[in-house]
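Participant:
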Amino acid sequence: MSGGVSIDIGRVDEIPVGEGRTFAIDGTQIAVFRLRDDSLRAVDAVCPHKGGPLADGLADARVIVCPLHNHTFDLCTGTEVSGAQMSVRSYPVEAVDGTIRVTL
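In this text, residue positions in the sequence shown follow UniProt numbering: the first is 1, and each later residue adds one.
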């Protein structure tokens, strides 16, 4: 990973497979998802529409659905894919020896 600062934020096993968790990193809330294939994705934790907690939304291999109003964001790019002109930032994330490492 290049272009940013990498930060270890927790253990992969803290996130059940198929779910997300929110982590605070330098004042920024980031939602990290552990997908069913055991890969990780990370995006801003707050939906730009009405502040919904994205880590509580439904995620699959491609998207996260905000639990408040069903706005849907691509987990790789952060682009809103359900028609609105909103997006969230996506972050490079990886597992290193069982530790979640996010690059800001």
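Don't be surprised by glycine CBs; every beta carbon is placed ideally from N, CA and C.
Skipping 5 residues on each side, what residues in its chain have a beta carbon closer than 7 Å to that of residue 50?
Facilitator: Correct list, in chain order: 68 and 69.
Participant: Taking its Cβ as the centre, do 16 or more other Cβ atoms sit within 10 Å of residue 88, making it buried, or is it exposed?
Facilitator: When all chains shown are included, residue 88 counts as buried.
Participant: Within this structure, are the beta carbons of residue 22 and residue 53 separated by less than 9 Å?
Facilitator: In this structure, residue 53 lies closer than 9 Å to residue 22 by Cβ.
Participant: Hey, is the segment 36-45 in contact with the segment 82-98, meaning 3+ C-beta pairs nearer than 8 Å?
Facilitator: Because the criterion of three Cβ pairs below 8 Å is met, the segment 36-45 and the segment 82-98 touch.
Participant: Going by beta carbon distance, what residues of the same chain come within less than 6 Å of residue 18, once the five residues before and after it are set aside?
Facilitator: Excluding positions up to five away in sequence, the list reads 36.
Participant: On a CA-only basis, which of 39, 15, 24 and 4 is nearest residue 94? Give me that one, please.
Facilitator: The residue with the shortest Cα to Cα distance from residue 94 is 39.
Participant: With distances taken from CA atoms, which of 9, 16 and 31 is nearest residue 97?
Facilitator: Answer by Cα proximity: 9.
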